[in-house]
Amino acid sequence: MLTNLLILYSATLLFAALSRRRGYVQFFGQLFFAGQAAAAVWIALSHRGATELTYFTFDTTGTTYYLLMALIGWICHWQSSRYLVQESLREYKLYSTAFLFLNIALTGVYFSNNITVTWIFLEATTLAAAVLTYHRRTMRSLEATWKYTFISSVGLAVAYLGVLLLSTVTASAAAGAAETANDLSYAALAQAIASGAGNTLYIKLAFLFILVGYSSKVEIFPFCTVGIDANHSAPTPASAFISSALVGGGFVAVFRVWKAMQGQAEVATWCGHVLLLIGGLSLLMAAVYLGRTKNLKRLAAYSTVENSGLMMLGLGIGGWGVWAAVLHSLAHTLIKGAFLLQISVVGKTYGNYKTTRNGSYFRVDALGAAVLAGCLIALTALPPSVLFRTEYLILTGMLNGSSWWMFIPAALLLVAVIYWLCVKILPLLSRPCALKRIDRTARNPLLSAILLLLLGLTFVAGVWQAPELAGLIDSIVY
Numbered sequence: 001m002l003t004n005l006l007i008l009y010s011a012t013l014l015f016a017a018l019s020r021r022r023g024y025v026q027f028f029g030q031l032f033f034a035g036q037a038a039a040a041v042w043i044a045l046s047h048r049g050a051t052e053l054t055y056f057t058f059d060t061t062g063t064t065y066y067l068l069m070a071l072i073g074w075i076c077h078w079q080s081s082r083y084l085v086q087e088s089l090r091e092y093k094l095y096s097t098a099f100l101f102l103n104i105a106l107t108g109v110y111f112s113n114n115i116t117v118t119w120i121f122l123e124a125t126t127l128a129a130a131v132l133t134y135h136r137r138t139m140r141s142l143e144a145t146w147k148y149t150f151i152s153s154v155g156l157a158v159a160y161l162g163v164l165l166l167s168t169v170t171a172s173a174a175a176g177a178a179e180t181a182n183d184l185s186y187a188a189l190a191q192a193i194a195s196g197a198g199n200t201l202y203i204k205l206a207f208l209f210i211l212v213g214y215s216s217k218v219e220i221f222p223f224c225t226v227g228i229d230a231n232h233s234a235p236t237p238a239s240a241f242i243s244s245a246l247v248g249g250g251f252v253a254v255f256r257v258w259k260a261m262q263g264q265a266e267v268a269t270w271c272g273h274v275l276l277l278i279g280g281l282s283l284l285m286a287a288v289y290l291g292r293t294k295n296l297k298r299l300a301a302y303s304t305v306e307n308s309g310l311m312m313l314g315l316g317i318g319g320w321g322v323w324a325a326v327l328h329s330l331a332h333t334l335i336k337g338a339f340l341l342q343i344s345v346v347g348k349t350y351g352n353y354k355t356t357r358n359g360s361y362f363r364v365d366a367l368g369a370a371v372l373a374g375c376l377i378a379l380t381a382l383p384p385s386v387l388f389r390t391e392y393l394i395l396t397g398m399l400n401g402s403s404w405w406m407f408i409p410a411a412l413l414l415v416a417v418i419y420w421l422c423v424k425i426l427p428l429l430s431r432p433c434a435l436k437r438i439d440r441t442a443r444n445p446l447l448s449a450i451l452l453l454l455l456g457l458t459f460v461a462g463v464w465q466a467p468e469l470a471g472l473i474d475s476i477v478y
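Taking this note's numbering, the leading residue of the sequence shown gets 1, the next gets one more, and so forth.
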């Protein structure tokens with residue numbers, strides 16, 4: 001199955017790169033995502049749990065995120081063809097090739113069962129995201145690109161130090177057996193740590209290095225700033241994909257390492273404390289900078305930092321917090337993708353992304369304004385948003401557990417986040433604004449209808465916890 005998928009990926013990527021007409025590039029891109037969606041459904045229905053090419057397993061976690069990536073990726077690529085209508089054929093081909101390559105790299109992240117292979121594919125996402133960031137070829141995009149490339153690579157180098165430390169643990173557990181001494185699969189790591197093999201200090205440092213190294217991908221403190229700059233500089237449909245699918249890939253990478261650490265109580269407790277610290281600092285950073293930004297894309301990026309920080313807090317407190325963190329991550333993939341895709345329409349309509357300059361969006365595009373209003377409700381975790389349920393579980397988990405001291409600071413920071421999101425977005429919807437320079441042709445009613453449907457699914461999940469959804473989250477967590 002994986003071999004056939006790679007052949008499909010390679011063929012469509014090659015044909016898109018060699019196409020001599022813009023329509024052909026769009027066609028092969030849509031064919032790419034149609035094949036991906038079909039593969040995701042087939043894996044979910046009949047191939048889940050299988051291992052192929054030794055290093056890739058179609059487990060529930062990877063399959064779920066892969067299915068969401070196929071959906072969001074298709075919508076983002078389709079909107080890109082409208083958003084980049086003035087680009088030359090060469091520029092559009094380069095953009096589409098990088099977009100599809102990022103998708104391929106994330107496929108490897110989602111399905112890899114080996115920590116080294118995950119690291120390799122995360123490094124590949126850096127290259128693809130850098131090309132998308134530099135697409136405009138301005139001084140600002142150049143600065144954002146070299147920052148993203150340099151700091152992400154440094155971070156992943158730090159993460160690789162953690163991988164090397166974990167290799168000593170599996171080597172110790174192998175007790176000299178040559179055939180298993182270099183096994184860095186997540187299952188082998190979990191077994192080795194649970195058995196008490198290796199130096200506990202090395203294991204703790206390894207988790208810290210990996211978490212810090214992956215922070216540029218999951219967009220948490222300390223390296224989240226490069227992701228924010230990349231989101232600001234990249235074309236907005238690409239930003240939507242980076243903030244949803246790539247952040248989901250970063251969460252999956254962290255989540256798999258975190259699960260491997262849970263077999264030893266001392267290590268698990270220490271990892272929880274680190275996650276609480278990183279999550280709290282991420283919330284603080286988001287709350288401060290949301291108030292300072294005047295750009296809608298940066299507003300969405302700092303919102304991602306806040307939500308990723310909540311995911312880390314959920315993992316840190318354990319118990320129901322882990323369940324809530326996984327559901328929060330899945331819902332965030334849909335909500336943030338919808339938010340930024342609609343922002344791409346706003347930017348084309350007004351010609352800018354300034355929160356202080358635009359308004360009267362309900363008069364300009366009622367359906368698009370309904371999407372933004374729905375995203376505001378979802379991101380501020382107001383009922384019926386599914387994020388209300390996840391944040392409730394995380395905050396009550398803090399209050400009832402040993403992390404009770406974090407409840408008040410976290411709650412106050414969330415109040416600040418809600419305030420700033422409302423202050424920045426509500427005026428765009430209703431504030432009087434001169435409409436002489438509005439480009440009404442940029443409206444995309446079909447896109448807005450699709451995004452409303454995605455938001456509706458997250459609202460349904462917030463009101464009615466379907467047994468199938470609960471079972472899905474259970475299978476990922478437990």
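Glycine included, every Cβ here is placed at the ideal spot set by N, Cα and C.
So, do the region 215-228 and the region 244-260 have three or more beta carbon pairs nearer to each other than 8 angstroms?
-> yes
Under the rule that 16 or more other beta-carbon atoms within 10 Å means buried, what is residue 4, buried or exposed?
-> exposed
DSSP three-state call for residue 15: helix, strand or coil?
-> helix
Could you tell me which residues DSSP pairs with residue 51 in its beta bridges?
-> Answer is 57.
Relative to the alpha-carbon of residue 376, which residue among 100, 166, 332 has its alpha-carbon at the smallest distance?
-> That would be 332, whose Cα lies nearest to the Cα of residue 376.
8 angstroms Cβ cutoff met for residue 66 and residue 126 | no
If I'm right that residue 115 touches residue 184 with Cβ under 8 angstroms, what's the distance once you round it to whole angstroms?
-> Taking 8 angstroms as the upper bound for CB-CB distance, residue 115 and residue 184 are in contact here, some 5 angstroms apart.
Based on Cα-Cα distance, which residue from 453, 408, 226, 394 lies nearest to residue 325?
-> Of the listed residues, the one whose Cα sits closest to residue 325 is 394.
Taking just the CA atoms, how far does residue 336 sit from residue 386?
-> 13 angstroms
With DSSP as the reference, label residue 436 as helix, strand or coil.
-> coil
Would residue 273 be called buried (16 or more neighbouring beta carbons within 10 Å of its own) or exposed?
-> Exposed, because fewer than 16 other Cβ atoms sit within 10 Å of the Cβ of residue 273.
Look at the Cβ atom of residue 193, then the Cβ atom of residue 263, and state whether they are nearer than 8 angstroms.
-> Against a cut-off of 8 angstroms, the Cβ pair of residue 263 and residue 193 comes out as a contact.
Check whether the region 338-350 touches the region 70-81, counting contact only when three or more Cβ pairs, one atom from each stretch, lie closer than 8 angstroms.
-> yes
What is the rounded straight-line gap between the Cα of residue 179 and the Cα of residue 130?
-> Only weak support is given to the placement of residue 179: the predicted model assigns it a pLDDT of 49, under 50, and the value that follows is read from those uncertain coordinates. Near 38 angstroms, if we compare the C-alpha coordinates of residue 130 and residue 179.
So which of 133, 139, 123 has the shortest CA-CA distance to residue 157?
-> For residue 157, the nearest C-alpha among the options comes from 123.
Which first and last residues belong to the alpha helix (DSSP H) in which residue 391 is found?
-> 386-400
Residue 307 versus residue 250 - alpha carbon distance = 13 angstroms
From 226, 25, 371, 430, residue whose alpha carbon lies closest to that of residue 456 = 371
Give the DSSP-derived three-state secondary structure of residue 114 in the structure shown.
-> strand
Please name the residue, chosen from 140, 117, 128, that lies closest to residue 186 on a Cα-to-Cα basis.
-> In terms of CA proximity to residue 186, 117 leads the group 140, 117, 128.
Which stretch, first to last residue, makes up the alpha helix (DSSP H) that contains residue 297?
-> 296-317
Taking just the CA atoms, how far does residue 128 sit from residue 99?
-> If I take the Cα positions, the gap works out to 7 angstroms.
Can you tell me whether residue 69 is buried or exposed, with buried defined as 16 or more other CB within 10 angstroms of its CB?
-> buried
How is residue 179 classed by DSSP in three states: helix, strand or coil?
-> A caution first: residue 179 carries a pLDDT of 49, below 50, which makes its placement in the model unreliable, though a value can still be read off. Assignment of residue 179 by DSSP, reduced to helix, strand and coil, places it in the coil class.
Relative to the alpha-carbon of residue 429, which residue among 417, 366, 205 has its alpha-carbon at the smallest distance?
-> 366
Just how far apart, CA to CA, sit residue 143 and residue 234?
-> Those two C-alpha atoms are separated by around 12 angstroms.
Give me whichever residues DSSP pairs with residue 354 in a beta bridge.
-> Residue pairing from DSSP places residue 354 in a beta bridge opposite 295.
Buried or exposed: which applies to residue 59, given that a residue is buried once 16 or more other Cβ atoms fall within 10 Å of its Cβ?
-> buried
DSSP three-state call for residue 153: helix, strand or coil?
-> In the structure shown, residue 153 sits in a helix (DSSP, three-state: H, G or I).
Using 10 angstroms around the beta-carbon of residue 20, count the other beta-carbons present and answer buried if the total reaches 16, otherwise exposed.
-> exposed
DSSP three-state call for residue 185: helix, strand or coil?
-> strand
Are the beta-carbon atoms belonging to residue 95 and residue 47 less than 8 angstroms from one another?
-> no
Outcome for residue 439 when other beta-carbon atoms lying within 10 angstroms are tallied against a minimum of 16 | Counting the other Cβ atoms within 10 Å of the Cβ of residue 439 gives fewer than 16, which makes it exposed.
Which of helix, strand or coil does DSSP assign to residue 103?
-> helix
To which residues of the same chain is residue 12 closer than 8 angstroms at the C-beta, ignoring the five residues directly before and after it?
-> 28, 29, 31, 32, 35, 100
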